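Chains as they are written, first to last, in the numbering used here: chain A, 575 to 945; chain B, -10 to 467; chain C, 18 to 280.
Built from N, CA and C at the ideal position, the CB exists for glycine as well.
Just so we're clear, the structure is a prediction, and the values are computed from it rather than from any experiment.
Here's the structure we're looking at; comments come further down.
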Amino acid sequence: MMIDLQTRASQIETEYVRKFKEEGGKVVGYACVATPVEILEAAGILPYRIKAFGHPDTSLGDSYLSRFNCRFCRSCLSLGLDGTYDFLDGLVETNGCDHLRGMFENWQYAKKLPYFHYLKVPHFFREDALEYFTEEISLWRESLSRHFGAPLEDAAIWRAVDEQEALQARLRELYALRMRKVPALSGAEALSVICTGSSMRTADFVSLLDGLLGDLSERKVEGFRARLMLLGSATDEVDLVADIEQQGGLVVTDALCYGSRSFWERKGESRDPDRFLAEKYLGNLFCPRMFTEYERRLQFILDRAEEAGVDGIVLVYNKFCDLHGVEAAALRVDLEKRGIPVLVLEKDYGSQSDTGRVKTRVQAFLERIGK
Amino acid sequence: MAKELTKPLEGLFNRVYDIFSIVDRLPDDMTDAEVEGVLHVLPTDLRRTMSAFLAPRLREASLEFLRLIKRWLEGARRAKEEGKKVVLVPFNFPPEVIYGFEGAWPITSEVLTTLGVAALEGQGERYWDFAMGLGLPDFACSANMIEVGSALTETDFAPDIVLNDCFASCDINSKTHEFLARYLGLPLVFLEKPPDDTPRGIRQYYRYFRAMLSDLEEILGEKLREERIREVLDRANRASEFYWELWDLHKFKPCPVPNAFSLMTYGIRYTMWGQEEAVSAMEKLVKIAKDRLSRKEYPAEREVARAWWTYTSYYFDMPGFFNWMEENGITHLGDGLDLVFPRIIPLDDMDSMVEGMAETARNMPMTRQMGASSMSAQWLEDIIWATRELDADCCIYCGHHSCKQTWSGAAVVRRELLARTGIPTLVLQGDAWIKRMTSMESLQEQIKEFVDNVVAKKREGRRPTRRKPASAAEAPAG
Amino acid sequence: MRFGGIDVGSLTAQAVILENGSILGYKSIRVKTNPVASAEAVMGELLAELALSPGELTFTVSTGYGREQVQDTGLSQANVSEITCHGVGAHWLMPEVRTVIDIGGQDAKVIRMSPSGELEDFVMNDKCAAGTGRFLEVMARTLGLSLEELGTVSRQARKRAALSSRCGIFCETEVLRFLQRGADRADIAAGVNRAMAERVAALVRRVGAEPEVTMSGGVAKNPGVKEELERILGLRIRHCPVDPQIVGALGAAVLAKRMGGGS
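Rendered as structure tokens:
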């Protein structure tokens, strides 16, 4: 099953997506964990998280974005423009970062998608921002309902909320298997699972996980010299994690947005569904885009590191990533101060020629921490 | 680690202040021989800058401008001595808001960087290097990193409060200043602009603006007083009137406004707006441009090109940039940072004044364009407006390396501008504040090539069609 | 007992053999078609020179890009990253050294060692070639100079050309512009060395240049870069007492001794 997943986690338009479309399903792309996917789910739409899987060709994207822009975004844009993403029925933009905004804007400029909506996410968590974000969610809900002719009643949203919570619970179980003394799966495998799920409807992903959790319960991944945690920017590069692990450092947990940041501590309180989602998503956005929340993010990382008993942290980000680039400078100091060795891995997204360099740095890091 | 490497350090602010203290000693009516004498004793980098500022055609304006900067720096020093709070703001935050408080004085990150680059031997590089030594990324913005790098050395004149309003318009600016505040343990006040220009988005921005004012009031322990804010805004309004007068003067051909005034205008806007010095400095710029207009003076034989710089200019070589262009007949009509859209704020009551300040802040450069619903649409609209107003025949995008948000929209803006107005854009690449990235020589070469080939040809091509009377076939129907 | 170290890099391969705590011999060659062939060749030549058979080596460590493949074919018994090896090698030669600046063909590294010779911290360049030996090679070719000339001719520079230090591709275009304009090659060479040194200095600052500082790798043989680095960083770089290119292989041999029961 794991091997099957890994194959699936390298395709943009998976068999699942193709079938879903054939049966008349609609697929809407989004890119950032700040997007409340419950809204799409409630409308019967497949929320597809935009990925590039290390796609190295950025040429089409480069005619819109510059080489000073993040290569992940340029890769995604290229795939958007070369037709790979033609199965999408729409896109939801969020202002995750300057590069992502650029990606969405140029994508929509160059290739008008039938549905496009910009969901504006505040950069801090405060009552006034929460009220604005609640309204943003309501407006999005209206626009989606209008375009796709889906009723999107409260009850449907609440059902989607329950489904998401069920998913979050399964993912936490999956991570518990990862964090075992003798882990049941590798970091590359865990990322494959999450990437696979990010191209599926929630309920189907939940059943997939149910099967997987059963299969994995007795599994043991052995022969590693160190337990590592992976932090940093949006990473859908399964190969990168595999490269790290090949050097002998098993990635037993993470604080990635294709990882624990997307499901760990996500709850809301309100009884109004839009407000509930606003609380859930804005209140638990462990991303350096959020202003004045550094201490909270640091604590989140420390908690994850402690429960997984890691020997060191690999902090990875793509060249030109402003948010994680600055954050890395602060985190490195603060984590090392607390006795956790950190390797800052600034790298080019999806570049095969960077592999050797990544491996050397990881190996030297393991040698440095005496593993 | 990095500290030992860069010691001994005296910070950027302190060093710039020392240099500016000589400005007061320069007489108003310096002769060329006296200027020569002054330049002779200056270290290389400063000498280059001063040779640009003290060129005969700029001398009078420069002295006024440099004195204004000196007062501004001095104001910060004095504020500190008197126990007031020095607030570090980014360029896209209107300083008059800070002047509204008795107990506060604004210093502006990017202006300090530019001053350091212009005045210090070795420019701002050692502070950049220091910041890099702390592990900050080399794709960060030098406009912030040089000043912030200096503050991080903890040997410089330090702000007491960091205020940032760049979230949603520039990630690297906001993150860098957040890093600084945390590193130095300073209170951080912030103001976000939702990327949303609908009435709802604007309302929300006003709401955030008021919250930001309350935060400032709390930290400063002082309520905004109506009388004081009215005085400050009255002065800002008077400076704004001169701003628009100067804007209109750019419309004449050849342009009577010297290239360097583009820089001086926002130099004034980002530092002393709301103070009397800004009013008189703006007045002086207008007067000089008018005089030049009446004498029909232009530094080159003829005006070859009228260029609008779509975002920033380059600041590491003043004579090589502003003066060189002018001497080659290339008018610098202004750049994106000149688009400050100063408005005359009604001074009726507290509400109208606060709203006026909020609206001013919402329309500051970068906030207005990059913080808009679309990163390219408002920017493009502003460029089209400016180029039409001033009859520009070309645009140049400086392509500052770390300006990812403008790079994100640059391709669309360039294409659309050409399609809608026929105006070509030269796209350069370089760092606007660090000379070691792309040399001025190389930039000049590209500008010259563009002007000679694209702009001159375009002008030539335009002339015959203008002279030729429209034939019946070409005449518009109806 | 004798211990071997093999370092297969992107441009050259080195082998070192240690005996009784001193260097018995070393060898450096241009790389062959693949890392294993390079390792076989360089170690084979060295063993032949010393009239030894492979069986007379108690333990061998491989390092460099081909380190894993070399171990897989049994030419070494363990592999260690070149970062650790350069640090260990330099520290073995000069125990006072705390910072090693290693510039090889494809990458540049700054390595900090503890007083007792443990790897304390390191930083490596990103993918951009602007701070690597490859960059110097391309520039030398553009200028029509040999690598050695590039390092020495810059001393005759009158007015160093200002070149972009941020990007290798950028820099190459600028070099061509200077050449077209008829600028002096010595001036451009000085500019190239300076751009290279600036790039590397930025890396050094990340780790901090704890004295003593030394340089290893092929570029250490370029006095132009070394002098510029000294100027930028405001410190003296200690001259490596052996061929700086063999420091990685030497470190591997030192580690072989540790791993293979030599100490």
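Taking Arg47 (chain C) as the query, report the chain B residues whose CB atoms sit under 7 Å from its CB, ordered along the chain.
-> Those do not exist, as Arg47 (chain C) stays about 33 Å from chain B at its closest Cβ, beyond 7 Å.
CB Leu415 (chain B) to CB Cys383 (chain B), shorter than 8 Å?
-> yes
Under 7 Å between beta-carbons, which chain B residues line up against Lys694 (chain A)? List them in chain order, please.
-> Pro183, Pro184, Asp185
What do you get for Lys694 (chain A), buried or exposed, if any count of 16 or more other CB atoms within 10 angstroms of its CB means buried?
-> buried
Note down the Cα distance separating Val25 (chain C) from Glu154 (chain C), rounded to an integer number of angstroms.
-> 18 Å
So which residues on chain B does Glu99 (chain C) lean against when the C-beta distance must stay under 7 Å?
-> None at all; the shortest Cβ gap to chain B is about 23 Å.
If we ignore side chains and look at the alpha-carbon of each, how far apart do Phe439 (chain B) and Trp396 (chain B) end up?
-> 20 Å
Going by CA-CA distance only, name the one from C:Leu220, C:Ser55, C:Leu162 that's closest to Ala125 (chain C).
-> C:Leu220
Within chain A, the residues that Ala161 (chain B) reaches when beta carbons sit closer than 9 Å = The sequence as given places Ile at residue 161 (chain B); Ala does not occur at that position. Simply Asp672, Asp896, Leu897, Gly899, Val900.
Cβ distance (whole Å) where Ile818 (chain A) is taken to contact Val888 (chain A) below 8 Å | 6 Å
Mark Pro465 (chain B) as exposed unless 16 or more other C-beta atoms lie within 10 angstroms of its C-beta, in which case mark it buried.
-> In this prediction, Pro465 (chain B) scores a pLDDT of 37, lower than 50, which makes its location untrustworthy; the coordinate-derived value is nonetheless stated afterwards. Pro465 (chain B) comes out exposed.
Is His390 (chain B) close to chain A, meaning its C-beta is less than 8 Å from at least one C-beta of that chain?
-> yes
Cβ pair Asp324 (chain B), Ser302 (chain B) closer than 8 Å | yes
Contact set between Gly124 (chain B) and chain D, taken where Cβ atoms lie within less than 7 Å | Absent from the structure is chain D; the protein chains it does hold are A, B and C.
Going by beta carbon distance, what residues of the same chain come within less than 7 Å of Ala852 (chain A), once the five residues before and after it are set aside?
-> Leu704, Phe707, Thr708, Ile711
Please state if the CB of Pro84 (chain B) and the CB of Thr260 (chain B) are separated by a distance shorter than 8 Å.
-> yes
Could you give the DSSP three-state label for Asn892 (chain A): helix, strand or coil?
-> strand
For Gln264 (chain B), name the three-state secondary structure that DSSP assigns.
-> strand
Would you kindly check if the distance between the Cβ of Cys861 (chain A) and the Cβ of Val607 (chain A) is under 8 Å?
-> yes
Arg275 (chain C) CB to nearest chain B CB: under 8 Å?
-> no
Take Thr609 (chain A) and list the residues in its own chain whose beta-carbon comes closer than 8 Å to its own, dropping the five residues that flank it on each side.
-> Pro621, Val666, Thr668, Leu693, Tyr855
Quick one: is Phe690 (chain A) near chain B, going by C-beta distance under 8 Å?
-> no
Three-state secondary structure (DSSP) at Glu867 (chain A)?
-> coil
Using the beta-carbon count (16 or more within 10 Å), is Asn680 (chain A) buried or exposed?
-> buried
Quick one: any contact between the region 371 to 381 of chain B and the region 316 to 330 of chain B, if contact means 3 or more CB pairs under 8 Å?
-> yes
For Glu167 (chain B) and chain A, any beta-carbon pair shorter than 8 Å?
-> yes
According to DSSP, is Glu792 (chain A) helix, strand or coil?
-> coil
Does DSSP put Gly150 (chain C) in a helix, in a strand, or in coil?
-> helix
With a cut-off of 8 Å, does the C-beta of Leu153 (chain C) fall near any C-beta of chain A?
-> no
Nearest-angstrom Cα distance between Thr50 (chain C) and Glu910 (chain A)?
-> 42 Å
In whole angstroms, what separates the C-alpha of Thr103 (chain B) from that of Pro243 (chain B)?
-> 28 Å
Mind pulling the chain C residues with CB within less than 9 Å of Ala879 (chain A)?
-> The premise fails here: Ala879 (chain A) is roughly 20 Å from chain C at the closest Cβ pair, so nothing lies under 9 Å.
Every unbroken beta strand (DSSP E) within the region 63 to 119 of chain B, with a cutoff of 3 residues, ordered by chain = 74 to 78, 93 to 97
Same chain only: Cβ atoms within 8 Å of Lys685 (chain A), ignoring 5 sequence neighbours per side | Gly654, Leu655
Inter-stretch contact (C-beta, 8 Å, three-pair minimum) for the region 741 to 750 of chain A and the region 594 to 603 of chain A | no
Limits of the unbroken alpha helix (DSSP H) element including Pro621 (chain A) = Pro621 (chain A) -> not in any alpha helix (DSSP H); beta strand (DSSP E) instead, spanning 620 to 623.
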